[in-house]
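For the record, the sequence lines run as chains A and B.
Going by the working numbering, the first sequence opens with residue 1, and the numbers climb by one from there.
Going by the working numbering, the second sequence opens with residue 384, and the numbers climb by one from there.
Quick reminder that beta carbons are idealized off the backbone N, C-alpha and C, glycines included.
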Amino acid sequence: MNAPSKPNDYSAYPDAEGRFGGFGGRYVAETLMPLVLDLGKAYAQAKADPKFQDQLKSFNTHYAGRPSPMYFAERLTEHFGGAKIYFKRDELNHTGSHKINNALGQILLAMRMGKTRIIAETGAGQHGVATATVCARFGLPCVVYMGATDVERQKPNVFRMNLLGAEVRPVTSGTGTLKDAMNEAMRDWVTNVHDTYYLIGTAAGPHPYPVMVRDFQSVIGIEARAQMLEMEGRLPDAVVACIGGGSNAIGLFHPFLNDDGVRLIGVEAAGHGVSTDKHAASLTGGRPGVLHGNRTYLLQDDDGQIIDAHSISAGLDYPGIGPEHSFLHEIGRAEYLSTTDQEALDAFQLCSKLGKGKIVVMNLCGRGDKDIFTVAEALGRKI
Amino acid sequence: MTKDRIDRRFAALKAENRAGFVTYVMAGDPDAATTLSVLKGLPGAGADLIELGFPFSDPMAEGPTIQRAAQRGLKSGMTLQGTLDLVAAFREGDQDTPVILMGYLNPVLNRGFDSFAAAAAKAGVDGLIIVDCPPEEADPLSDALEAEGIALIRLAAPTTDDARLPMVIRRTSGFLYYVSVAGVTGVKSADAADVAPAVERLRKASGLPVAVGFGIRTPEQAAAVARVADAAVVGSALVDEIESAAQLNENVTERVLLKASELAKAVQSARVGNEVRL
């Protein structure tokens, strides 16, 4: 029933068990298994319910501010002298990133399921802020788990979450990073099974999270596709997105999967370089394994222990990647590059090599103002 | 068929009309040599079955105590192979006490299921508990373990309903592990009144002995569980002893074996006490 309806229908995944080819699945403790299965049923019903879809569309329009603009970056295009570069402006959404798309969808589902308490993990804080915001909007208590290191380097977002009424719990267990924040959120969920909804921020975790988050983020690609047809009268030659867990990228890619002429390019964070031990490029520098409920590419050592990811960009430093990206990587439908902290413009340069007359869409998935302190420090400037 | 060791042990416990006492410690906590000396001492301290954790960087179902034990294990250089080596060394002196490895899927997946199963059988491992491998995902692992006669021990939880139970007990052998509280290890306490009906339900459905764990810290709690279950598992309370003894530079093995023998006595006398009172 879930087999591809045509041999090249890339969008027919996952199957009923949440498998994208050999990736995905539901690898959780038995205590959580009934909850994960329930969530799968509840999401399938909501997805098929026009009332739910209308409600989501209404909040996307009037609350998040969708559709986000498609902007022709004229001067950048001139600078590189190659393909026309467009920006999909998802940083203009309410809360300043694409994370609101998913947070809205999931909180509407949580309320539909009768859940009364929301928990989330966050890395840079963008998903935490989006979750805290929708919790404030709908009057639900919110606990956000955040690695202690990230709490320190993302103070503005911690303060924003607090202002919105969320409790931010710094996570010191393990190595105190995003992956540990996700572990701690799972531990909370397994302890509070009756009232709590775990609002995962990226297209990872056990099924149905990868498909659910992808569906909610696909509004990016659906809009981008229509905007390109309207503005250029044709589809772009390539679409580009950065990847941590990969939710903005899969949201951009998915509506283009069956458009054979559109190259899908994901850019992982290579930190100090993929040959060093300080990077976050799970596809380029990792191997398949199981973490956080799904089988996917992971940064791991010879013993199968998870290695900490590094990127100058808090939020990209996740040692895994959404399972659908692992699948698209293995079947070759999407291309995955990595760029070091020093070469963050490489993706642009690659795109410009497409040459004149070509069109590239890049998803601007979040505002950078949360990173000004990190940037200042890297530049050796005081602010 | 090494899982026979588990079956023989539960048959003997049944003949004695007492529950088994199951201990859990983490391999390499605080170092391999200490773990081996603890393992060697546990049967004498009253452990009927031994669970040996192998460390994982991201132990999602563990409370702070066992999280820290995993970190200490990794810091001391413990690996999955190192854990198997410990079992092999233990087996040189003990052919009767069942040893169950407990941990997370990725190190086993990384090793390869067939390679792991063969090495585990050779080392003298009798069973395996993988916390993050629910029955829906377990068939490839079951295939490999069954070929070597190792039991894949399943977890059942308070959230496991009747509709799901047949799936949980499919392809399981040895015993069933009942996670007595919805939560992580070592934090909440099990309520014996809730445990009794759950154990009965699982026993009936599976025809297997039922061990209870996740919320047992004191001799009193262990005794209460031992009255209704086929075995009581204690982990965090023993690991706490290891941690504090190591911090105070005390003899870790002595401290943990002393604690184990207190708990073992409570388990061994639980039903006898019951009968006397009756």
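- With a threshold of 16 other beta carbon atoms within 10 Å, S313 of chain A meets it and is buried.
- Looking at the DSSP output, N400 of chain B bridges to nothing.
- With contacts defined as CB atoms closer than 8 Å, G304 of chain A and L463 of chain B qualify as a contacting pair.
- The stretch 109-188 of chain A contains, as complete alpha helix (DSSP H) runs of 4+ residues, the segments 126-138, 148-153, 155-163 (chain order).
- Of the residues assessed, T61 of chain A falls on the exposed side of the cut-off, its CB having fewer than 16 other CB atoms within 10 angstroms.
- Two segments are said to touch when three or more pairs of C-beta atoms, one from each, lie closer than 8 Å; by this definition the stretch 239-256 of chain A touches the stretch 194-212 of chain A.
- If you check each beta-carbon in the stretch 433-449 of chain B against every beta-carbon of chain A, the ones closer than 9 Å belong to P438, F439, S440, D441, P442, M443, A444, E445, G446, P447.
- Residue pairing by DSSP places F72 of chain A opposite A:Y86 in a beta bridge.
- In the structure shown, Y318 of chain A falls within a coil segment according to DSSP collapsed to helix, strand and coil.
- For the stretch 493-519 of chain B, the beta-carbon criterion of a distance under 8 Å to any beta-carbon of chain A is satisfied by N493, R494, V514, D515, C516, P517, E519.
- The criterion of a C-beta distance shorter than 8 Å is not satisfied by L283 of chain A and I306 of chain A.
- Judged by beta-carbon spacing, G510 of chain B lies within the 8 Å limit of G557 of chain B, meaning their Cβ atoms are closer than that value.
- Fully contained in the stretch 27-72 of chain A are the following alpha helix (DSSP H) runs of length 4 or more, in chain order: 33-47, 50-59.
- Counting along the chain, T296 of chain A sits inside the beta strand (DSSP E) bounded by residues 293-298.
- When beta bridges are read from the DSSP output, M409 of chain B appears opposite B:G436.
- A Cβ-Cβ separation of about 10 Å leaves G81 of chain A out of contact with K353 of chain A under the 8 Å criterion.
- Per the coordinates, the alpha-carbon of P523 of chain B lies some 11 Å from the alpha-carbon of C516 of chain B.
- N632 of chain B sits exposed, since fewer than 16 C-beta atoms from the chains shown fall within 10 Å of its C-beta.
- Within 7 Å of the CB of K179 of chain A, the CB atoms of chain B belong to D441, in sequence order along the chain.
- Setting aside the 5 residues that flank it on each side, F437 of chain B is surrounded in the same chain by A410, L463, T466, L484, G486, P490, each with a C-beta closer than 7 Å to its C-beta; the list follows chain order.
- Residue B:D441 holds the alpha-carbon nearest to the alpha-carbon of L457 of chain B among B:K648, B:D441, B:D479, B:V508.
- Residue A:A334 holds the alpha-carbon nearest to the alpha-carbon of V267 of chain A among A:Y297, A:E230, A:A334.
- If you look at V622 of chain B, you'll find it in the alpha helix (DSSP H) that goes 619-630.
- Around R547 of chain B, the beta-carbon contacts reaching into chain A at under 7 Å are P34.
- Within the stretch 164-196 of chain A, the residues whose Cβ lies closer than 7 Å to any Cβ of chain B are, in chain order, S173, G174, K179, N183, M186, R187, V190, T191, V193.
- The residue among B:S525, B:A504, B:G446, B:L538 with its C-alpha nearest the C-alpha of L585 of chain B is B:L538.
- Where S589 of chain B is concerned, the enclosing alpha helix (DSSP H) starts and stops at 575-589.
- Comparing alpha-carbon positions, the option among B:V470, B:D577, B:D412, B:A504 lying closest to G460 of chain B turns out to be B:D412.
- Neighbourhood of G25 of chain A in chain B, by CB distance below 7 Å: E520, in chain order.
- From the listed residues B:V595, B:D390, B:V421, B:D497, the smallest Cα separation to E624 of chain B is found for B:V421.
- Judged by DSSP in its simplified three-state form, I513 of chain B adopts strand.
- In the same chain as R654 of chain B, and ignoring 5 residues on each side of it, the C-beta atoms closer than 8 Å to its own belong to N400, R401, A402, A609, R610, in chain order.
- Residues of the stretch 556-580 of chain B with a Cβ closer than 7 Å to any Cβ of chain A, in chain order: V562, A565, G566, V567.
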